[in-house]
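Here's the structure, in structure tokens; my notes come after.
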Amino acid sequence: SNVSLSFTEMVDNRVQTLGAAALYVQSSTIFLWHVRVEDNSVEVDSHIEPPPMRLGEIHFPEIVSGSGIVCDDGSSAEISHSRFANNQGAAALVVSESTLHLGNSVVRANDARNVDSYQPASAAVSLIKGAVGTIVNTMFSGNKGEAAGALLIARSSAFILHSSFISNAGASARATAGALFISDSSSVAAENSAFATNMGSGETVAGAIISFYSTITLTTSQLEQNHVSDNLVSPILGAGAVLTLESSTFV
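The sequence shown lines up with residues -12 to 238 when you count with the working numbering.
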């Protein structure tokens, strides 16, 4: 099925079961243009503990929850000139086994820290389970999460172009980063993008980007004043990761 929405508001919705507060699609194609996804929340606790995992590994439950939109099971989402803001309790946008093109949009002040421990540690936007994402001309600012404040990429791939990650915060007892968490054999390329004043707080932590057993390439990008909880500048941390830097700067 196809879903096309423009100049639409998805605001102040609540969900107390697994799923999405605003929109959940499976095996569908969605086009969103000038859509506001704001002030939605997830309030569910399954009381199920996730299985043991190695550091940096992400647990994938059969059904994922999102405080805004969930695209699952072979869906395709094209989202442009839209805004995700002030959503709470899980990722504002979850893309699982699906494709995403996010352009000319704002992802701001979302709090993705999960109530339900069985859900994957999240970020404002989560690409998981074979998702393929393209993010262009988009700003992530002031978001909070467990894996990362802005973007989680697990067993997936992403291309990021002309985008900025500003003042996002990740906090977890395990591993976290202020902006990007990359794991489970993922592949990420960021070009002409900026990572500034992001903060990570935890035992295994990076101010901007943390990568486990994955590949990341930064081209013509800037990382500036990204800190960890003890106020040290620590932009990138990797374990079993392949990092390529091309014409990028660290401050």
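Built from N, CA and C at the ideal position, the CB exists for glycine as well.
According to the DSSP secondary-structure assignment, Asn(-11) is paired through a beta bridge with Thr16. Beta-bridge partners assigned by DSSP to Glu30: none are found. In the structure shown, Tyr200 falls within a coil segment according to DSSP collapsed to helix, strand and coil. Contact between Val123 and Val81 fails: their C-beta atoms lie close to 19 angstroms from each other, not under 8 angstroms.
By the C-beta density criterion, Glu233 is exposed, having fewer than 16 other C-beta atoms within 10 angstroms.
Taken in chain order, the unbroken stretches of beta strand (DSSP E) that lie wholly in the stretch 44 to 86 and span 3 residues or more are 56 to 59, 63 to 67, 70 to 72, 80 to 83. Asp98 is classed as buried because its beta carbon has at least 16 other beta carbons within 10 Å across all chains shown. In this structure the stretch 182 to 189 touches the stretch 152 to 160; the number of beta carbon pairs closer than 8 angstroms is three or more. Distances from the CA of Ile197 to each of Ala164, Thr207, Ala177 were compared; the closest alpha carbon is that of Ala164. Per DSSP, reduced to three states, the secondary structure at Asp171 is coil, with no helix or strand assignment. Judged by DSSP secondary structure, Gly129 falls outside any beta strand (DSSP E); it is assigned neither H nor E. Closest by C-alpha distance to Thr125, out of Ser109, Ser85, Phe146, Ala118, is Phe146.
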